[in-house]
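Encoded as structure tokens, the structure appears first; notes follow it.
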Amino acid sequence: MIIMPVKEGENIEKALKKFKRKYERTGVLKELRRRQYFTKPSIEKRKAMQHAIYVTQMHRDDE
67 MIIMPVKEGE NIEKALKKFK RKYERTGVLK ELRRRQYFTK PSIEKRKAMQ
117 HAIYVTQMHR DDE
């Protein structure tokens, strides 16, 4: 659970922005979306391999 103490006289929008930043860094939302549905381990491995191939090709093209 994220606790954001708001100082007296502090802008509420600034505090909200800090909260959102902290929330994103925890990765809660990303994890929630990832667990929304089940993907087979073989498909996850395939996606990881495809991403690795894509990244290496992009690095080769830069040189």
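Numbering (our numbering), first residue to last: 67 to 129.
For every residue, glycine included, the Cβ atom is placed at its ideal position computed from N, Cα and C.
- Remark: C-beta atoms of Lys88 and Ile109 do not approach each other more closely than 9 Å.
- The alpha-carbon separation between Thr105 and Tyr120 amounts to approximately 21 Å.
- Excluding sequence positions up to five before and after Val72, its CB lies within less than 6 Å of the CB of Ala81, all in the same chain and listed in chain order.
- Under the three-state reduction of DSSP, Val72 is assigned to coil, being neither helix nor strand.
- Within the same chain, Ala81, Lys84, Phe85, Lys88 come within 8 Å of Met70 by CB-CB distance, once the 5 residues on both sides are set aside.
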